[in-house]
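Participant:
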Amino acid sequence: MPELPEVETYRRYFEATSLHQPIEAIDVEDQKLLTTDYATLTEKLIGQAFVSTKRVGKNLFIYTDGGSTLHMHFGMTGDLEYYHSSLDRPRHARIVFIFKSGFNLGFICPRKFERIGLVENIEAYLKKKKIAPDALDISLEELTYNIRKRKSFIKPVLLDQSTVAGIGNWIVDEVLFQAKIHPEILSNRLTDEEIERIFTATRFVLETAIEHEANYGRFPQHFLIHSREWDVSPYEDALRHKRCPCNKVEIAQTQVGGRTTYYCPECQVLR
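All residue numbers for the sequence shown refer to UniProt numbering, where the first residue is 1 and numbers rise by one.
(1) By a C-beta neighbour count over all protein chains shown, 10 Å radius and 16 as the cutoff for buried, is L158 buried or exposed?
(2) Quick one: what's got a C-beta closer than 6 Å to P265's C-beta in the same chain, skipping five residues either side?
(3) Could you check which residue in G57, E15 and T200 has the C-alpha nearest to that of Y63?
(4) Tell me which residues share the same chain as L140 and place their Cβ nearer than 6 Å to its Cβ, disregarding the 5 neighbours each side in the sequence.
(5) So what's I95 in DSSP terms, helix, strand or just coil?
(6) Going by DSSP, what residues sit across from Q253 in a beta bridge?
(7) For S227, list the residues DSSP reports as bridge partners.
(8) Determine the closest residue to G47 out of Y13, H71 and I98, with distance taken between C-alpha atoms.
(9) What ranges does the alpha helix (DSSP H) occupy inside the stretch 120–204, keeping only unbroken runs of at least 4 residues that lie completely in it?
(10) With DSSP run on the structure shown, which of helix, strand or coil describes I46?
(11) If you draw a straight line from the C-alpha of P90 to the C-alpha of H71, how long is it?
(12) Could you give the C-beta distance for S187 and K130, rounded to a whole number, given that I count them as a contact under 8 Å?
(13) Just tell me which of G257, T254 and V56 has its CA closest to the CA of A124.
(14) Applying the criterion that 16 or more other CB atoms from any shown protein chain within 10 Å of the CB defines a buried residue, is E193 buried or exposed?
(15) Which residue's Cα is closest to the Cα of I108: D30, T144, R271 and P22?
(16) If we ignore side chains and look at the alpha-carbon of each, how far apart do T42 and V51 end up?
(17) Just reading off the alpha helix (DSSP H) that D64 is part of, what are its end residues?
(18) Which two residues bound the contiguous alpha helix (DSSP H) that contains A16?
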C-alpha cells in the first residue's frame, strides 16, 4: 500500500510534470473511482490548471487556478504516469487528465481501491476523516498527547491515522526498531524519553525512505525492513535477512493488533 514516502514521491512527480497546463478533458473509465460525480468534476476542472500540491499523510491535494481542490487517495496500489497523447494509454490508467499541451496524466488504479474527487476545504476534510497532522509536521507535544490519551499497544496506536498521519505497517515496525521500543508496550506507559525517541525515529525513517524514493532495497543495512525479505535475490543468503542487523539474533515475527509485526527480541525488550 502506498504510504507517506510513496505519496510524497507521487507529489513531487506530479509537480514536476503536471502543473500550469490547462485541462482539456477528463476521461474516466470507471466512475465508481470518483468521490465527486463526473459532471461536477468536469465542470469544475476543465479549462483550469493545477498550480500546487499539498500532502497530508497518504492524501494528496492539488490546487487549481480556478479555486477548486482535487483530492487523490492511492488505495492499495495506485500510481501516476505522465505521457504524451501520441503514446498508448498506460495499463490500468482508469482516470486520465488530458492537457491542452498534448500530454496526459494517468491515475493508475490496478485494484480499483483508489479514489479521486473534489474537496471544498482541506482542514474540514481532515477533521471529518479524523486524520491527525502529517508525520513530518506533527510536533512532539501533539504526538505525546495523542499517544498518551490511548491505552493500547503502541503499534496499533501509531497505525491509527488519528494519532499521526501517513505511517503504515512496515514504517511503524521500522520506527519502533530504530527507537528500541517493543511493539506491545502500552502507549500510556511510555516515558517522555521513549516518546521522543519515537518522534525522532519517525522523521529519520520517513526522510530516509523519501530520499531513496521508497526503493526498499536501497535502504541502509541497519534497517529492519531488510528482515521482511522484500529485496532478497536468489543469490543471497536469505538467512541474513532474518537476523537483526544490530546483534545478529533472529528477528521475531508475530501478530500485533491483527498486523504482521517484526521486531528484535533483544533490542526491543518488553518492560
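Glycine included, every Cβ here is placed at the ideal spot set by N, Cα and C.
Facilitator: Once the coordinates are examined:
(1) Within the sequence shown, numbered from 1, the residue matching residue 158 stands at position 158. Its Cβ being crowded by 16 or more others within 10 Å, L158 is buried.
(2) Within the sequence shown, numbered from 1, the residue matching residue 265 stands at position 265. Taken in chain order, the residues that qualify are A252.
(3) In the sequence shown, the residue the question calls residue 63 occupies position 63. Answer by Cα proximity: E15.
(4) Here residue 140 is taken as the residue at index 140 of the sequence shown, counted from 1. Excluding sequence neighbours, L140 sits near F199.
(5) Looking up residue 95 in the sequence shown gives position 95. In the structure shown, I95 adopts extended strand secondary structure according to DSSP, grouped into three states.
(6) Residue numbering aside, residue 253 sits at position 253 when the sequence shown is read from its first letter. The partner list for Q253 (beta bridge, DSSP) reads Y262.
(7) The residue labelled residue 227 in the question sits at position 227 within the sequence shown. Under DSSP, S227 forms no beta bridge with any residue.
(8) Residue 47 sits at position 47 when you count from the first residue of the sequence shown. The residue with the shortest Cα to Cα distance from G47 is I98.
(9) 122–128, 140–148, 154–159 and 169–179
(10) The residue you call residue 46 lines up with position 46 of the sequence shown. The DSSP-derived three-state label of I46 is coil.
(11) Position 90 of the sequence shown, counting from 1, holds the residue named residue 90. Position 71 of the sequence shown, counting from 1, holds the residue named residue 71. Annotation: P90 to H71 spans about 21 Å, alpha carbon to alpha carbon.
(12) Indexing the sequence shown from 1 puts residue 187 at position 187. Indexing the sequence shown from 1 puts residue 130 at position 130. Not quite, the Cβ-Cβ distance comes to about 17 Å (not below 8 Å), so this is no contact.
(13) Taking the first residue of the sequence shown as 1, we reach residue 124 at position 124. The shortest C-alpha separation from A124 is found at V56.
(14) What you label residue 193 is simply residue 193 of the sequence shown in a count that begins at 1. Classification for E193: exposed.
(15) For this step, residue 108 is matched to residue 108 along the sequence shown. Measuring from the Cα of I108, the nearest candidate turns out to be D30.
(16) Here residue 42 refers to the residue found at position 42 when the sequence shown is read from its first residue. Here residue 51 refers to the residue found at position 51 when the sequence shown is read from its first residue. When rounded, the distance between both Cα atoms is 17 Å.
(17) In the sequence shown, residue 64 corresponds to position 64, counting from 1. A small correction: the amino acid at residue 64 is Thr; Asp does not occupy that position in the sequence shown. T64 -> not in any alpha helix (DSSP H); beta strand (DSSP E) instead, spanning N59 to T64.
(18) Mapped onto the sequence shown, residue 16 falls at position 16. Start and end: L4 to T17.
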